[in-house]
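Trainee: To start, I am sharing the structure in question, which I have written as structure tokens.
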């Protein structure tokens, strides 16, 4: 699995002009299931994200996790994280999990993030989503399981 994390002051996602999820302060987590991924990868990724120390402590150092900081998360499916740009000018997405498996692993991943003690909201798998955010820092981190 692949994830792109953004530490945010706030984030929201809308479908057809209606806000369906929001968080903040905390993390915007864009996630993509890849071919061959299993629940084990989702478990490892969720545990890593929950423990990642990217929130500042009282001394101003990145020394606290989202859990330590009492933050929340907005989890969005984003198959374009599987983009292969090695040839030509049009990215390929053939390494992304098939849609049914991608949806299953995305939904499973979201439950695993919540199981870490993080309040979450989600986007809608496969929908045309409009994501808004205020990146805090900016802090943006790429993670693969």
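Residue numbers (this note's numbering): 4 to 148. Using N, Cα and C, we set each Cβ at its ideal position, and we do this for glycine too.
1) Could you spell out the range, first to last residue, of the beta strand (DSSP E) harbouring residue 116?
2) What residue does the alpha helix (DSSP H) around residue 46 start on, and which one ends it?
3) Going by C-alpha to C-alpha distance, which of 26, 4, 19 and 78 sits closest to residue 43?
4) Between the C-alpha atoms of residue 100 and residue 64, what's the straight-line distance to the nearest angstrom?
5) Count the CB pairs spanning the segment 47-61 and the segment 91-107 that are closer than 8 Å, and state whether there are at least three.
6) If you drop the 5 nearest sequence neighbours on each side, which residues of the same chain put their C-beta closer than 8 Å to that of residue 98?
Mentor: Looking at the atomic coordinates:
1) Position 113 of the chain shown, counted from the first residue, corresponds to residue 116. Counting along the chain, residue 116 falls outside any beta strand (DSSP E), though it belongs to the alpha helix (DSSP H) covering 102-118.
2) Counting from one through the chain shown, the residue named residue 46 turns up at place 43. In this chain, the alpha helix (DSSP H) harbouring residue 46 covers 42-54.
3) As a working mapping, residue 43 is identified with position 40 in the chain shown. The shortest Cα separation from residue 43 among 26, 4, 19 and 78 belongs to 4.
4) On the chain shown, position 97 is the one that residue 100 refers to. On the chain shown, position 61 is the one that residue 64 refers to. C-alpha of residue 100 to C-alpha of residue 64: approximately 37 Å in a straight line.
5) The segment 47-61 makes no contact with the segment 91-107, as fewer than three CB pairs between them are under 8 Å.
6) Within the chain shown, the letter at position 95 stands for residue 98. Exclusion of the five residues before and after residue 98 leaves 37, 38, 85 and 87 as the residues of its chain whose Cβ lies within less than 8 Å of its Cβ.
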